[in-house]
Amino acid sequence: EALEVLGGMLRVGIPDYRLPPEVLDQEIDHILRQGVKTRTGVRFGTGLTFEDLKEEGFAAVFLGIGAHNSLDMQIPGEKDTQGVIDAVRFLREVNLGNKTCPGSRVVVIGGGNVAIDAARVLKRLGSQEVTVVYRRSEQEMPAYAEEIEGAKKEEIRFSFLTAPVGILAKEGKVDGFECIRTELGPTDDSGRRRPVPVDGSEFVIPCDVVIPAIGQKIDTSWAVRVPDLKWSRRNRLNVNPQTMQTSIPYVFAGGDAVTGPDTVIQAVAAGHKAVEAIHRYINGENLELYTQQLEARKKPGTDWQKIPEGIPQKARAHPKHMDAKMSAACFDEVDFGFSESAAQQEARRCLNCGVCCECMECIKVCEAKAIDHNMEAEEMEVNVGSIIVATGYDIMDPTPMKQFGYGKYPNVFTSLEFERLSNATGPTGGEIYIRDDNGDFTRTPKSVAILHCIGSRDVNYHEYCSRVCCMYALKYAHLIHEKVGHDTQVYNFYIDMRCFGKGYEEFYKRCQEEGTRFIRGKVAEITDQAVKPEEEGKLIAIAEDTLLGRRLRIPVDMAVLCVAMEARSDAHEMGRIFGVNQGADGFFLEEHPKLGPLNTATDGVFLAGACQGPKDIPDAVSQASGAAVKALALATLGKVKVAPIISWIDPDVCAGCRTCIELCPYTAIEYNARMGVSVVNEALCKGCGSCAGFCPSGAAQVKHFNEKQILAELEGIVDSLHTVGM
Numbered sequence: 250e251a252l253e254v255l256g257g258m259l260r261v262g263i264p265d266y267r268l269p270p271e272v273l274d275q276e277i278d279h280i281l282r283q284g285v286k287t288r289t290g291v292r293f294g295t296g297l298t299f300e301d302l303k304e305e306g307f308a309a310v311f312l313g314i315g316a317h318n319s320l321d322m323q324i325p326g327e328k329d330t331q332g333v334i335d336a337v338r339f340l341r342e343v344n345l346g347n348k349t350c351p352g353s354r355v356v357v358i359g360g361g362n363v364a365i366d367a368a369r370v371l372k373r374l375g376s377q378e379v380t381v382v383y384r385r386s387e388q389e390m391p392a393y394a395e396e397i398e399g400a401k402k403e404e405i406r407f408s409f410l411t412a413p414v415g416i417l418a419k420e421g422k423v424d425g426f427e428c429i430r431t432e433l434g435p436t437d438d439s440g441r442r443r444p445v446p447v448d449g450s451e452f453v454i455p456c457d458v459v460i461p462a463i464g465q466k467i468d469t470s471w472a473v474r475v476p477d478l479k480w481s482r483r484n485r486l487n488v489n490p491q492t493m494q495t496s497i498p499y500v501f502a503g504g505d506a507v508t509g510p511d512t513v514i515q516a517v518a519a520g521h522k523a524v525e526a527i528h529r530y531i532n533g534e535n536l537e538l539y540t541q542q543l544e545a546r547k548k549p550g551t552d553w554q555k556i557p558e559g560i561p562q563k564a565r566a567h568p569k570h571m572d573a574k575m576s577a578a579c580f581d582e583v584d585f586g587f588s589e590s591a592a593q594q595e596a597r598r599c600l601n602c603g604v605c606c607e608c609m610e611c612i613k614v615c616e617a618k619a620i621d622h623n624m625e626a627e628e629m630e631v632n633v634g635s636i637i638v639a640t641g642y643d644i645m646d647p648t649p650m651k652q653f654g655y656g657k658y659p660n661v662f663t664s665l666e667f668e669r670l671s672n673a674t675g676p677t678g679g680e681i682y683i684r685d686d687n688g689d690f691t692r693t694p695k696s697v698a699i700l701h702c703i704g705s706r707d708v709n710y711h712e713y714c715s716r717v718c719c720m721y722a723l724k725y726a727h728l729i730h731e732k733v734g735h736d737t738q739v740y741n742f743y744i745d746m747r748c749f750g751k752g753y754e755e756f757y758k759r760c761q762e763e764g765t766r767f768i769r770g771k772v773a774e775i776t777d778q779a780v781k782p783e784e785e786g787k788l789i790a791i792a793e794d795t796l797l798g799r800r801l802r803i804p805v806d807m808a809v810l811c812v813a814m815e816a817r818s819d820a821h822e823m824g825r826i827f828g829v830n831q832g833a834d835g836f837f838l839e840e841h842p843k844l845g846p847l848n849t850a851t852d853g854v855f856l857a858g859a860c861q862g863p864k865d866i867p868d869a870v871s872q873a874s875g876a877a878v879k880a881l882a883l884a885t886l887g888k889v890k891v892a893p894i895i896s897w898i899d900p901d902v903c904a905g906c907r908t909c910i911e912l913c914p915y916t917a918i919e920y921n922a923r924m925g926v927s928v929v930n931e932a933l934c935k936g937c938g939s940c941a942g943f944c945p946s947g948a949a950q951v952k953h954f955n956e957k958q959i960l961a962e963l964e965g966i967v968d969s970l971h972t973v974g975m
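Each number in our numbering comes from the position in the sequence shown (counting from 1) with 249 added on.
Below, the structure written as structure tokens:
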């Protein structure tokens, strides 16, 4: 290491407010504890050469020399004026302990991370006016948006669409910075629009220091003594991109010396690549063959799974930052990052969007070795005698019901979210907490409103009752009293309490005895607009007590929405596949509400659970048991009874057009490719006659239901009309 300290650009190029030195020390100490030896104050190329290292017995060398020299602006006054300091050197001196303010009015030229770092450091050193000059617009700035925003909050000025012309001097010192306005023209090689000077728009920014930060380059002064080392036309080391091997076989390189100025992560990745190749090189392996193997591998990022449709959108979390007035006065860390709970939520937001993120953790923990991520998807045909449809239901999304503030106020939860919160595997370990303004779960609620029938029994959404809401609302009230304390105020806003099962009414009375307040009336709105001192910082449930005829404003810490159960979004497609009809509410229709509650219009297809309509767990279990018995009965019987009036297709007349297959609502018709005709599955046919009515050749007919029968029915109708005098 050329400097007396370890860490490279992390140590001397990134200010302390972004990367605290103690954090860097911990990382370096961790590496040194592995047995790594270091030499500081030794500059490669002058104090140390490749020959010296070979004589010491080193079998391979890795160059991570970085890009520590700044590019020149190539404008008048840059080289011979006192007060022109390149940004890389300026940041290095500050990080090494020189905290002297270079001037009161400073201009920084550039739009990258280094320029923003230099500007914010100048503020901390005491510069009164700091102006960042950039030749393109803010949208084209390479610096991160959050850093630009932080600089603005620290009262750093920006002059966009401004290009440097020259540095004005007075008695050999900087006295001003001459600029010219630009406008964006066609795109250049970088993909950004090229800045074009505007004639006659020159102006001067008064200043006493100019800090260029327009880019960095590698110190190649030592390279003339190593002619075998090949360089690119941009004065970067040429390496094999797979192994990071240079033109000298035992020399490897990575980081900014290869890529030019780039991120720390890219430099670390290059180090990981190089160390694998170095290990193979030292052990005598053929790196050309290794390169071919790497190139033959499937490139990452080409086989991502598609993000499923219908996933709820959730905004990215934002870390907490130090107040700008305080941050501009010190070098303390400004980005506080995420709390543990916020970090977990943000990770879940990312990991959940693509179903499987290919982390392979499941493979590590599966002792049976039953998981294979390399399996390809395949379609299979399985012959079965019956099918039980138990596809369940969806929870209604209350976001469109703006009056309840879901998605707007952090402490308005859906019933499913509250279930997760109160579960031992949830984000709070089963403790019931409310969120603060940053989304962190910090304290227990002192008051909770539970709102029944959100989206149920509502002509605007679902007119039916979801049946289970009343009872799980009682459960929530009981859990809150049990986990938080009986001094917590719990309000249940209901239309009618429907406690219809065994022991349900008794549980209702128990919740009343525990102190739960029951208010008959729907909540009209959840708001945070306080009108009384006791409402400050609270959610206010605005409702009417229909028993007392009073309008209420009840301040609470948390609101739980008992949202409706609704038919799955894919119910229509599932119904089409299995030949099951849907009701007006979207749930699957049974054959008969009383006589056939488990059967469907398709023989052998049975319903179980909430796919048929809202129901609680006992009812779903009972229905599942009944469906299983019906399926087993079919298997045990070994034969089915066929109705006498069913369709049949005359094979001598059928032209094989397959029109009937598309029309049959019960999927009872198949195509016999060998015979070239359609065939009716008598066990599935219901004798509706759709095929007979549309068959262009007249091959499809209905057994025991011919034209004579139809004409006899019509004659009977006509005779009846004649009898009554019509």
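We put the CB at the ideal spot given by N, CA and C, even for glycine.
All figures in this text were calculated on a predicted structure; none of them were measured in a lab.
Asked: Ile-277 to Gly-256, Cα distance in whole Å?; Found: 7 Å
Asked: Please list the terminal residues of the continuous beta strand (DSSP E) segment that includes Pro-977.; Found: Only positions 250 to 975 of the chain appear in the structure, and residue 977 is not among them; the question remains open.
Asked: Would you please state the rounded distance, in angstroms, between the beta carbons of Cys-579 and Arg-373? I believe it to be under 8 Å.; Found: 7 Å
Asked: Let me check one thing: in DSSP terms, what residues is Phe-742 bridge-paired to?; Found: Leu-700, Ile-768
Asked: Could you compute how far the alpha carbon of Tyr-655 sits from the alpha carbon of Met-609?; Found: 35 Å
Asked: Helix, strand or coil for Thr-492? Go by DSSP, reduced to three states.; Found: coil
Asked: Leaving out the 5 sequence neighbours to the left and right, which residues in its chain are closer than 8 Å to Tyr-658 when beta-carbon positions are compared?; Found: Ile-775, Asp-777, Leu-788, Ala-808
Asked: Assuming Arg-288 and Glu-250 make a contact with CB atoms under 8 Å, what is their CB distance in whole Å?; Found: 7 Å
Asked: Along the chain, where does the alpha helix (DSSP H) that runs through Val-370 open and close?; Found: 362–374
Asked: For Met-720, write down the residues that DSSP places opposite it in a beta bridge.; Found: Paired residue(s): none; Met-720 is not in a bridge.
Asked: Could you round the C-beta distance between Tyr-920 and Cys-934 to whole angstroms and report it? I think they count as a contact, below 8 Å.; Found: That pair is no contact at about 15 Å.
Asked: Per DSSP, Gly-845 forms a beta bridge with which residues?; Found: His-841
Asked: Based on DSSP bridge pairs, tell me the residues matched to Gly-679.; Found: In DSSP, Gly-679 forms no bridge with anything.
Asked: Kindly indicate which three-state DSSP category Asp-505 falls into: helix, strand or coil?; Found: helix
Asked: My output table needs one value for Arg-443: the three-state DSSP class, helix, strand or coil.; Found: strand
Asked: Under a three-way DSSP split, which group does Cys-599 fall into?; Found: helix
Asked: Assuming Cys-811 and Cys-913 are in contact, meaning their beta carbons sit under 8 Å apart, how far apart are those beta carbons, in whole angstroms?; Found: Contact flag wrong, Cβ pair sits at about 42 Å.
Asked: Which whole-angstrom value describes the C-beta separation of Pro-893 and His-953, a residue pair presumed to lie in contact below a C-beta threshold of 8 Å?; Found: 5 Å
Asked: When the distance is taken between beta carbons, is Ala-336 closer than 8 Å to Pro-444?; Found: no
Asked: What is the DSSP secondary structure of Cys-811, counted as helix, strand or coil?; Found: strand
Asked: My understanding is that Pro-435 touches Ile-324, with C-beta atoms under 8 Å, so please give their C-beta distance in whole angstroms.; Found: Not a contact, Cβ separation roughly 24 Å.
Asked: Can you pull the DSSP bridge partners for Trp-897?; Found: Gln-950
Asked: Run through DSSP, which three-state label would Ala-790 get?; Found: strand
Asked: Compare the C-alpha of Glu-956 against each of Lys-613, Ser-715, Ala-941, Glu-271 and name the closest.; Found: Ala-941
Asked: Just tell me which of Thr-431, Ala-877, Asp-584, Ala-820 has its CA closest to the CA of Asn-848.; Found: Ala-877
Asked: Please check the pair Gly-824 and Gly-641, which I expect to be a contact at CB under 8 Å, by giving their CB distance rounded to whole angstroms.; Found: That belief does not hold up - the Cβ atoms of Gly-824 and Gly-641 are roughly 14 Å apart, past 8 Å.
Asked: Closer than 6 Å by C-beta to Ile-895: which residues in its own chain qualify, once you throw out the five before and the five after it? Chain order, please.; Found: Glu-931, Cys-934, Gly-936, Lys-952
Asked: Return the CA-CA distance between Thr-795 and Glu-396, expressed in angstroms with no decimal places.; Found: 54 Å
Asked: Alpha carbon to alpha carbon, how far is Gly-503 from Gly-520?; Found: 6 Å
Asked: So Gly-415 is in the beta strand (DSSP E); what residue range does that whole segment cover?; Found: 411–419
Asked: For Leu-538, report the span of its alpha helix (DSSP H) as first-last.; Found: 536–545
Asked: Between which residues of its own chain and Ser-818 is the CB-CB distance below 7 Å, once the five residues before and five after are set aside?; Found: Gly-559, Asp-643
Asked: When you compare the CB positions of Arg-354 and Glu-378, do they come within less than 8 Å of one another, or not?; Found: yes
Asked: Rounded to the nearest angstrom, what separates Ala-418 and Gln-594 at their Cα positions?; Found: 55 Å
Asked: Just checking, does the stretch 862–882 make contact with the stretch 671–678 on the three C-beta pairs under 8 Å criterion?; Found: no
Asked: With a threshold of 6 Å on Cβ separation, who are the neighbours of Ser-696 within its own chain once the five nearest residues in sequence on each side are excluded?; Found: Gln-738, Val-805, Asp-806
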